[in-house]
Each structure stands twice: as structure tokens, then as C-alpha cells.
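Undergrad: If you're matching positions, the sequence shown starts at 35 in the numbering used here and goes up one per residue. Ideal Cβ positions, reconstructed from N, Cα and C, are used throughout, including at glycine.
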Amino acid sequence: MATPLGWVAGFSFFLNLIYLAAPLYMMQVYDRVMHSRSVPTLLFLTLAVTLCYLVYAILDAVRGRVLAGVSDVVEDRLGRALLRCLTTTGPTRSEQPQAVHVARDLDIVRQFAGGAGALAFIDLPWAPIYLGAIALLHPILGIYALGAAIVLLGLSVASERAARGPMMEAGRVAARAYQFGESIARNADCARTMGLGVTLTERWRQLRGDMLSAQNRASHRAVLLGATGKCARLFFQSSILGVGAWLAIQNEVSAGAIFAGSLLLGRTLAPVEQLIGAWRPTLAAREALGRIRKLTANAPADGRQVSLPTPKGDVELENVTWSPPGVLRPAVRAANARIQAGAILTIVGPSAAGKSTLARLMVGALRPDHGVVRLDGADLATWDVAQIGDAMGYLPQEVALFPGTIRDNIARFGDASDEAVVAAAKAAHAHEMIVRLPMGYRTMLDDGGAALSGGQKQRIALARALLGTPAVVVLDEPNANLDTEGEAALTQSVLDLKERKCTVVMITHRAGLVRISDYVATMSEGQLVGVQRASEFMAQLAPTAVAGGRA
Numbered sequence: 035m036a037t038p039l040g041w042v043a044g045f046s047f048f049l050n051l052i053y054l055a056a057p058l059y060m061m062q063v064y065d066r067v068m069h070s071r072s073v074p075t076l077l078f079l080t081l082a083v084t085l086c087y088l089v090y091a092i093l094d095a096v097r098g099r100v101l102a103g104v105s106d107v108v109e110d111r112l113g114r115a116l117l118r119c120l121t122t123t124g125p126t127r128s129e130q131p132q133a134v135h136v137a138r139d140l141d142i143v144r145q146f147a148g149g150a151g152a153l154a155f156i157d158l159p160w161a162p163i164y165l166g167a168i169a170l171l172h173p174i175l176g177i178y179a180l181g182a183a184i185v186l187l188g189l190s191v192a193s194e195r196a197a198r199g200p201m202m203e204a205g206r207v208a209a210r211a212y213q214f215g216e217s218i219a220r221n222a223d224c225a226r227t228m229g230l231g232v233t234l235t236e237r238w239r240q241l242r243g244d245m246l247s248a249q250n251r252a253s254h255r256a257v258l259l260g261a262t263g264k265c266a267r268l269f270f271q272s273s274i275l276g277v278g279a280w281l282a283i284q285n286e287v288s289a290g291a292i293f294a295g296s297l298l299l300g301r302t303l304a305p306v307e308q309l310i311g312a313w314r315p316t317l318a319a320r321e322a323l324g325r326i327r328k329l330t331a332n333a334p335a336d337g338r339q340v341s342l343p344t345p346k347g348d349v350e351l352e353n354v355t356w357s358p359p360g361v362l363r364p365a366v367r368a369a370n371a372r373i374q375a376g377a378i379l380t381i382v383g384p385s386a387a388g389k390s391t392l393a394r395l396m397v398g399a400l401r402p403d404h405g406v407v408r409l410d411g412a413d414l415a416t417w418d419v420a421q422i423g424d425a426m427g428y429l430p431q432e433v434a435l436f437p438g439t440i441r442d443n444i445a446r447f448g449d450a451s452d453e454a455v456v457a458a459a460k461a462a463h464a465h466e467m468i469v470r471l472p473m474g475y476r477t478m479l480d481d482g483g484a485a486l487s488g489g490q491k492q493r494i495a496l497a498r499a500l501l502g503t504p505a506v507v508v509l510d511e512p513n514a515n516l517d518t519e520g521e522a523a524l525t526q527s528v529l530d531l532k533e534r535k536c537t538v539v540m541i542t543h544r545a546g547l548v549r550i551s552d553y554v555a556t557m558s559e560g561q562l563v564g565v566q567r568a569s570e571f572m573a574q575l576a577p578t579a580v581a582g583g584r585a
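1. For W356, which beta-bridge partners are listed by DSSP?
2. Here's a check: name, in chain order, each residue in its chain whose Cβ is nearer than 8 Å to the Cβ of A282, leaving out the five neighbours to either side.
3. Report, in whole angstroms, the separation of the C-beta atoms of A183 and L303, which I expect to be a contact under 8 Å.
4. Whether or not the segment 432 to 451 and the segment 363 to 371 are in contact is what I'm after, with contact meaning three or more pairs of Cβ atoms, one per stretch, closer than 8 Å; do they touch?
5. Do L471 and I422 have their C-beta atoms closer together than 9 Å?
6. Can you give, in chain order, each stretch of the beta strand (DSSP E) that sits fully within the segment 293 to 348 and has at least 3 residues?
7. Whose C-alpha, out of S487, A252, Q284, is nearest the C-alpha of S193?
8. Whether or not the segment 537 to 557 and the segment 377 to 394 are in contact is what I'm after, with contact meaning three or more pairs of Cβ atoms, one per stretch, closer than 8 Å; do they touch?
9. Which runs of the beta strand (DSSP E), 3 residues or longer, sit entirely within the segment 368 to 399?
10. Answer with buried or exposed for L49, where buried requires no fewer than 16 other C-beta atoms within 10 angstroms of its C-beta.
11. Based on Cα-Cα distance, which residue from G149, L76, P159, R71 lies nearest to G657?
12. Among D424, V455, I541, T233, which residue has its Cα nearest to the Cα of P343?
13. Rounding to the nearest angstrom, what Cα-Cα distance links A161 and P305 in this structure?
14. Verify whether the separation of the beta carbon atoms of Y53 and R301 is less than 9 Å.
15. Let me know the secondary structure DSSP gives L496 once reduced to three states.
16. Would you mind reading off the limits of the beta strand (DSSP E) that contains S558?
17. Would you kindly work out how many angstroms separate the C-alpha atoms of E317 and W41, rounded to a whole number?
18. Can you say whether W280 is buried or exposed, counting buried as having 16 or more other CB atoms within 10 angstroms of its CB?
19. Hey, L189 and I310 are a contact pair by Cβ (cut 8 Å); roughly how many whole angstroms apart?
20. Quick check for students: name the residue ranges of the alpha helix (DSSP H) that lie wholly in the segment 442 to 530, counting only runs of 4 or more.
21. Under a Cβ-count criterion, where at least 16 other Cβ atoms within 10 Å of its own Cβ denotes burial, should N250 be classed as buried or exposed?
22. Exposed or buried, K389, counting other C-beta atoms within 10 Å across all chains shown (16 or more means buried)?
23. Give me the DSSP bridge partner(s) of E350.
24. Rank D418, L395, A399 by C-alpha distance to the C-alpha of V407 and give the top, closest one.
25. Could you confirm whether any beta carbon from chain C is found closer than 9 Å to the beta carbon of G489?
26. Could you give the distance in angstroms between the alpha-carbon of D244 and the alpha-carbon of A204?
27. Would you check if the segment 462 to 477 and the segment 496 to 503 touch, i.e. whether three or more CB-CB distances between them fall below 8 Å?
28. For F45, does the count of other Cβ atoms within 10 angstroms reach 16, so buried, or fall short, so exposed?
29. Considering just the uninterrupted stretch of the alpha helix (DSSP H) at V136, what are its terminal residues?
30. With which residues is M540 paired in a DSSP beta bridge?
31. On the three-state DSSP scale, how would you describe M228?
32. Which partner residues of M426 appear in the DSSP bridge assignment?
33. Go through its chain and collect everything with a Cβ distance to L140's Cβ below 8 Å, but skip five positions before and after it.
34. Identify, in the order they occur along the chain, each residue of the same chain with its Cβ nearer than 7 Å to the Cβ of R66, setting aside the five sequence neighbours on each side.
35. Excluding five sequence neighbours on each side, which residues of the same chain lie with their C-beta closer than 7 Å to the C-beta of R127?
36. Nearest by alpha-carbon distance to R138: which of A209, S70, M61 is it?
Here it is, written out as C-alpha cells:
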């Protein structure tokens, strides 16, 4: 970004230099042409200033285009950091509401970087130079201009302080209103079924009303101070003519200096006045940038790790502990386990025991606060992200399909071949189901695949997890939405993985998957309290159920 900003600064230098042609032209006309009454001199000066203005127009247009390029660079760099954060470390639970609106925050920062507010900051350093030029006309004019600049700067600071509180409050309330509205849209069926329309609408209107009230307070203050700043600039730019006239009466300055001083003062105060009017987008951009930086504070560097040998699938947990932000009690406490390549481990336990959290730790979706998750002996954090993506398959408890075709989702939006996509679908026993859809693999999935049943979405997500030849597959309640036929297909998929020597970790509360496992780990209150062979575990239970529930 340094290069585009350097070009913008360079163009600003020449633009502000060319602007000095206006007061020089005025002084020459009043002090030389009017006295000599020389038409050729007037024509020459007019031609020269016209050429200056043409160059000014060209440079200003080019600067605008370069500034748009700066906004593109901001978009690229911040966007990359955001995506690295969201797709590697991920936001914490406290940051997830902010993460939903990262695209909106990114647009706010990008629009500011390419707009008039940024230009005001770029032109502001030229104000002292124009003040110096006014002082060269006469020291009293320079002192007067300095006082005017101080007054407008004071108004600018007052504008920032007056608008900061309401703008921050408006941003917080707006985020809550947007989040609530999106929640209503996602759960519209539930709202209709339970007759929540009136109460939810009233709550949403209340949040929107609070948002509009806060925005109006900020807007009213900004408009008032902006009008005050404009009035002050017009007053100072006009009154300096009176000061110059008084000095001309005293034979201290020429007539041309009177009008040149007014032009220079207008140019001096213009960026300050623009700052007063731009405080609202400036504060909005600062708040948005702060949220982006908070999200990306722990984002990994944009560089590849050293590629390690293709993993066999040995997974090891060493005293793995993780706590949600702001929560003292760990969701997973000192978990220790070793899973040999090709083994099938099923994790069972009561609801909220930490099973799903442990699954996320095992695939690198979360990073342990303490301890290490190892793949083939190497810390999972030291593996290259792309290599881990190829080596691991993950089916989360809450299936997430992205906007795009079924093929895109199974291919993980990469360049996987059609053969690989179909092979993954067949491995998940989803191929027949997919080809029966009207558009087959080209079926568009909008709104997370809302048109599909829960079982269909789960089988597509399983196919995505099985793409390629993963060494480790982690399945979090993979049969939660499946019927008898779907569960039989899932069982066969797991057996196929076992035959390929793929390590499989499953979280379930049904006996069917436990029976095909090699080992069963029991989890309670965030701790792995025991690992035993599946046959021994089943012998201790009634043949119809496995105790537990969702984590």
C-alpha cells in the first residue's frame, strides 16, 4: 500500500503547488496589468493560468483513480487477513457476532480509504505551507490566518468529541439490530409456527428505533458542527479581505495581495472544514478498522509452513485444555489419548461434556490453551494449512453448506476433478441421492441448502469430508439427521474408511456406530475418563442404546 499512497502524496504535492497559480495570477493582474494596461501581458498570464488549471484537472483525476487503487489494496490486505483468521484460527465465541459483519466493516474502511475523508487528511499537511505564503504577503495577514485555522481546528476537535459517543453507540445498537434481523430470517419457520411474529417484530422495531435514535443524535451534532465550520470559514475568508484592505490603506500591501490572501486562506481552511464534515465517516471507519484488527490480532502470518511427509493418521492428545473466552471452567480439561493410524474411536458421553469441542480441537478448528494435538508426532499448529486440509476430513455437528453448487461444496471450492468429486460422493453413499436431484451436482445451494432435507445436507457434508484420501476423518454426530437407510450407508462409509487404513473419530449416542468401532472413549465434564475396547464397552450396556447425547 506504500506505493499507491506515495503516488497519491506525490500528486497532492503538485496539485497544491499548481494551486498557487491562482493567487499569483490575481496579484499579477491587479498589480501589473491594471497599472500597465498591457493586453499582451494579460493574455499571456491568462494562457499560463489556463494551462495550469488543465494540468490540475488531469492530475486531480489521476489522483482520484490512484486513491481508488489504494482502497483496492486495503480491501485485498485486510480481506486476506480476515479470511486467514476466519478459516484458520477462527473468531472466539465473543467475537462471532462481530465476525458476521466483517464484510460490512471491510466496505466501510475501503470506502473511507478511497473517499473525500482520506483526501482531507492528505491535504491537511499543506495548510502550514499556505499559512507561510499568507505570512509572506504580510505578517498580520499570517497571524489572522493562523487564528482562523486554530478556530476551525478547535471546531474539528469538538466535532470529533461530540460525535464519537453517539457514533459508537449507534454502531453497537446497529450490530444488535442487524444480528436480530438475521436471526429472524434464519428462523422464520419457527417464528411462524409458534406465533412469534408480533413480539419479534416489536422487538426488532425497538432495536431499529434505538439504532436510528443514536444515528440521528450523531448526525444532528455532525450537521450542526459542520454548518458552524462552514459559516466560520466563510466569515474568515471574507473578513480577511477587510484586514487586507486596511493594510492596503496603510500602504502595507498591494491591492492584489488582498484577494490573494483570501484565496490562500480558503485553501488553508478547506481541508480543516472537510475534516469537520468527514468526522462521521472517519469515526465509522475507525470503529470498523478496530473491529477488524481485533478479529485479526491472532491471525497467522501469510506464509506457508514447511510441507511435512504425507501423514499416516496417528493422532495424539497431550494434556489438551481449552476454555471459552471469559469462562473459568474449561470445556476440555487435560485430555490425553493416542489413536493409531487406521483405528476407529468413538467418543460418547452426556450432553455438554465437551465432545464437540474436543472434535474441533482435534481438527485444528480450535487451538488448545494448554497442551498439544499431534498428527504423526508433529504439533498440528506446525502443519501447513493446505496440507492439513487435504489430510483431514471433518463433519461438524451443525452442517454448514456454502452458497454454490453441490459440486463446489464437495470440491471445497477448489480445483478438484469431477472424478474426485464423484468418488467422494460415492464414498459417502450420496451419489445416487445427488443425481436424482433436478440439476444433479449442479444444484445450487442457497441459504445453506435450505431446500434440502437435514439428511441430504449431512450426506453432502460427509462427501466433502471424504474428498481425496484423508488420513484422519472426524465425524461429529454424523447420523443425527439420517434415517435407517442413511445410517446404513454411513456405517458402510466408515467401514470403507477403515479398510483404507484411515483414522476415524466419531461422536455419537447411537449403538450402531459404536459396534463397528475399535475403541470407545467416555467423556464427562470436559475430561476423558476412560478409553476401552468397543466390545468391552458394549458388554457393559444394554444392547439397545448408548448413554449420552449431544455435546
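TA: On the basis of the supplied data:
1. According to DSSP, residue pairing for W356 in a beta bridge involves V366.
2. Close CB contacts of A282 within its chain, under the 8 Å cut and outside five residues either way in sequence, are with S288, A289, A291, I292 (chain order).
3. About 6 Å separates the two Cβ atoms, so the contact holds.
4. Because the criterion of three Cβ pairs below 8 Å is not met, the segment 363 to 371 and the segment 432 to 451 do not touch.
5. No, Cβ-Cβ distance for L471 and I422 is not below 9 Å.
6. Scanning the segment 293 to 348 from its first residue to its last, no whole beta strand (DSSP E) run of 3-plus residues comes out.
7. A check of alpha carbon separations from S193 across S487, A252, Q284 identifies A252 as the nearest.
8. Three or more Cβ pairs closer than 8 Å define a contact, and the segment 377 to 394 meets that threshold against the segment 537 to 557.
9. Taking only runs of at least 3 residues, the beta strand (DSSP E) segments lying wholly in the segment 368 to 399 are 378 to 382.
10. Per the 10 Å Cβ criterion, buried.
11. Within the shown structure, residues of the chain are numbered from 35 to 585, placing residue 657 beyond reach of any answer.
12. Comparing Cα positions, the closest option is D424.
13. Distance between the alpha carbons of A161 and P305 is about 8 Å.
14. Yes, the pair counts as a contact, with Cβ atoms nearer than the cut-off.
15. Shown here, L496 sits in a helix according to DSSP, grouped into three states.
16. Element bounds for S558: 553 to 558.
17. Per the sequence shown, the amino acid found at residue 317 is Leu instead of Glu. If you draw a straight line from the Cα of L317 to the Cα of W41, it is about 25 Å long.
18. By the neighbour-count rule (16 or more Cβ atoms within 10 Å), W280 is not buried but exposed.
19. Indeed, because the Cβ distance is near 6 Å, the residues count as touching under 8 Å.
20. The alpha helix (DSSP H) runs lying completely inside the segment 442 to 530 and spanning 4 residues or more are 452 to 461, 465 to 469, 488 to 499, given in chain order.
21. Its Cβ having fewer than 16 others within 10 Å, N250 is exposed.
22. Counting Cβ neighbours within 10 Å, K389 comes out buried, since at least 16 surround it.
23. Note: E350 sits in a beta bridge opposite R372, R408.
24. When D418, L395, A399 are compared, the shortest CA-CA separation from V407 is found for L395.
25. You won't find chain C in this structure, because it holds only one protein chain.
26. About 8 Å.
27. Touching, yes.
28. Residue environment for F45: buried (at least 16 other C-beta atoms within 10 angstroms of its C-beta).
29. Per DSSP, V136 belongs to the alpha helix (DSSP H) from 136 to 147.
30. Partner(s): T380, L509.
31. Residue state for M228 is assigned as coil, using DSSP reduced to three classes.
32. Secondary-structure assignment with DSSP links M426 through a beta bridge to V506.
33. Taken in chain order, the residues that qualify are E109, L112, G113, L116, A322, I326.
34. Answer for R66: T75, listed in chain order.
35. Bear in mind that a pLDDT of 46 at R127, under 50, signals an unreliable position, so the model cannot answer this.
36. Closest option to R138, Cα to Cα, is A209.
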